[in-house]
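Student: Here you go, one structure.
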Amino acid sequence: MNQIRLYFLFSALLAILSYCSIPEVKETKPKRIVLASDFLFPKDSLLLRKFEKKTNLTLVIKNMSTDSIQAHFKKWKYNSKIDVVLLSSSSLANQLTNAKVLNILPDNIVEKHSPLISYNKDWIAIGINPYVFDYGDSIPKKNSFYQNLTKSANWTTSLNKGELSAFYASVSNHFGKSKKQESQEWIRKMMLNLEENKKDLKNIPVYSLNTFQKTHLANANYSIPNQNDYGCFYDGYCIGIIKNSKNYFWAEKLVRYFLVENNNEVLTWKLNLFPFFNPKGRSSFEFQNNFPTLHWSSMKKTSKKFNDSDYLIKILQTQIDTTNVSIKKPTAQRPIIRATPSVEPIP
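In this note's numbering, the protein residues as written are 16 to 362.
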C-alpha cells in the first residue's frame, strides 16, 4: 500500500515540475564600454561601428590626454569610468606604464604578437608609423639615412615631444648597451644640429624629420630612410586596458578586434598608418602595399629604453640651454618648408 502511495506522489511531483518553466541563464553585457584616446573624438565612434554591431555594445569615445587619464585613474581607481585607451605614440603609452595604469595583456596575445608588445606587457602597437624625411613639395632623395641628422643642420622637425622621445629611444635601442657612448654622441649631435637650425635664420631646412602619418595626411613628398640598410625606425599607435576595468571581458574583445588582420587593415588605412603586419601586396589600400623595411628591433625592446633616453635628453638639453644662455636669440622668423598638419578627427 505504501509503495502505491509513493508511486502516486512521485507521479504528481513530475507532473507539477513539467509545468514549471526553468529560467534561462543569460549572458550579462554592459550597455557600453568607454575608450579614452588622445586623437579620437566622440564622432569617431563610426570608425568602430562594425564592432558595436558584432557585440551589441555602445562604444563611447572620450578625447583625453595621458595626464587626464592618469588623473582620472588616480581619482576613481576601482571605479574607473574608462575601459580601454588608444594612444598616438608608444611614448604616451609608456607614460601610463610608468603610472601603473594599465592591465597586463592576456598571455595568448603576448605570445602571438610579442614584437609589438611593450616590455611590461601592458600595451600593444596596432598600427605602424615610420619616421620619414618630409620634403614638402620638393623632390625627395631616393636613398636617405638617419645618420644625416648628425652631419648637418639643414633639417628641422615636425615631431611633437612624445614622437621625438620615441625616436630617441629607437636610436638608443639600435646601438644597444655595448655602444652606449656612441648612442649618446649620436643623439647629442642631432640635438645640436636642430638647435643650430633654430638659431640660423639664413639656413632654410631642406627636409623635416616627421612621421609617415602626418606626411601622408598632407600628401607631401617623403623618403623612408635606411631602406637599403638596417630598416627604418618607427613609432606605433598603441592600445591597452585600464586596470580594474569593470568591463574587462569586453575590453579584451575590443583589443582582439584590432588585431584581426582584415579589421586592422581598414582601421589603419583610415588612420593613415601601416598595419601591424606586412600585407605583402594583398591589402585593398594601395599605400599599405608599399610596406617599408622596418628596423630589426621591436617595440618590446624599444619601450625598455624610454626612461633612460628621456633622462639623457633632459641632461643634454640642459647643457645646450646653458651654453646658449648668453646668446641673444633672434626675433625674426625664418622660412620653413611647410606647416605640417596635426592629427585630425577621422572624417
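Don't be surprised by glycine CBs; every beta carbon is placed ideally from N, CA and C.
For the alpha helix (DSSP H) containing S198, list its first residue and its last residue.
Tutor: Where S198 is concerned, the enclosing alpha helix (DSSP H) stretches over 195-214.
Student: The ligand GTP and C247: does the residue's C-beta get closer than 7 Å to at least one heavy atom of that ligand?
Tutor: Judged by which ligands are present, the structure shown has none, so any question about the ligand GTP falls away.
Student: For V116 and I257, which I take to be in contact (beta-carbon distance under 8 Å), what is that distance rounded to the nearest angstrom?
Tutor: V116 to I257, Cβ: 6 Å. Contact.
Student: Thinking C-beta only, is F291 closer than 8 Å to L55?
Tutor: Cβ distance not < 8 Å, so L55 and F291 don't count as in contact.
Student: If L174 and Q228 are in contact, beta carbons under 8 Å, what's the gap, nearest whole angstrom?
Tutor: Their Cβ separation, rounded to whole angstroms, is 11 Å, which puts L174 and Q228 out of contact at 8 Å.
Student: Could you please give the first and the last residue of the uninterrupted alpha helix (DSSP H) stretch that includes I124?
Tutor: 122-127 is the extent of the alpha helix (DSSP H) around I124.
Student: Between Y146 and T230, is the Cβ-Cβ spacing less than 8 Å?
Tutor: Result no, Cβ atoms of Y146 and T230 do not sit closer than 8 Å.
Student: Three or more C-beta pairs under 8 Å: does that hold for the region 125-144 against the region 186-199?
Tutor: Result no; under three Cβ-Cβ pairs closer than 8 Å.
Student: Is W170 buried or exposed, if buried means 16 or more other CB atoms sit within 10 Å of its CB?
Tutor: Buried: at least 16 other Cβ atoms inside 10 Å.
Student: State yes or no: is the C-beta of N109 within less than 8 Å of the C-beta of F321?
Tutor: Going by C-beta atoms, N109 is nearer than 8 Å to F321.
Student: Strictly under 8 Å for the Cβ-Cβ distance: is K320 near chain D by that measure?
Tutor: Looking for chain D here will not work: only one protein chain is present.
Student: Determine the direct distance from the alpha carbon of K214 to that of L224, and round the result to whole angstroms.
Tutor: Taking the straight line from one Cα to the other gives about 18 Å.
Student: On a CA-only basis, which of T70, K65, K58, R64 is nearest N78? Give me that one, please.
Tutor: Ranking the options by Cα distance to N78, first place goes to K58.
Student: Select from N135, I143, S324, I335 the residue whose C-alpha is nearest the C-alpha of K176.
Tutor: Considering only alpha carbons, the answer is S324.
Student: Give the DSSP-derived three-state secondary structure of V270 in the structure shown.
Tutor: In this structure, V270 counts as helix in the three-state DSSP scheme.
Student: How would you call Q334, buried or exposed, if buried means at least 16 neighbouring beta carbons within 10 angstroms?
Tutor: When all chains shown are included, Q334 counts as exposed.
Student: Name the one or two DSSP bridge partners that I257 has.
Tutor: Paired residue(s): L117.
Student: Could you tell me the distance, in whole angstroms, from the CA atom of V75 to the CA atom of S104?
Tutor: Answer to the nearest angstrom: the Cα atoms are 21 Å apart.
Student: Would you call the region 306-319 in contact with the region 148-163, where contact means no fewer than 3 C-beta pairs closer than 8 Å?
Tutor: No, the region 306-319 does not touch the region 148-163.
Student: My parser needs the alpha helix (DSSP H) runs of 4 or more residues fully inside the region 139-203; what are they?
Tutor: List check, alpha helix (DSSP H) in window: 176-190.
Student: On a Cα-Cα basis, can you pick out the residue from F248, N158, N135, L63 that is closest to H189?
Tutor: For H189, the nearest C-alpha among the options comes from F248.
Student: If you run the structure through DSSP and keep just helix, strand and coil, what is I239?
Tutor: I239 falls in the coil class under three-state DSSP.
Student: Based on the DSSP output, what are the partners of P290 in its beta bridges?
Tutor: G142.
Student: How far does the alpha helix (DSSP H) with S318 in it reach, from first residue to last?
Tutor: Taken as a continuous stretch (DSSP letters only), the alpha helix (DSSP H) holding S318 covers 314-318.
Student: In angstroms, rounded to a whole number, what distance separates the CA positions of G296 and V100?
Tutor: Cα-Cα distance, rounded: 30 Å.
Student: Is D336 helix, strand or coil by DSSP?
Tutor: In this structure, D336 counts as helix in the three-state DSSP scheme.
Student: Give the straight-line distance between the Cα atoms of G255 and K68, rounded to the nearest whole angstrom.
Tutor: Cα to Cα, the separation comes out at about 22 Å.
Student: Using the DSSP secondary-structure output, state which residues sit across from S52 in a beta bridge.
Tutor: Per DSSP, N78, L101.
Student: Ordered along the chain, which non-local residues of its own chain (more than five positions away) have a Cβ less than 7 Å from that of F302?
Tutor: Closer than 7 Å at the Cβ level, and outside the excluded window around F302, lie H231.
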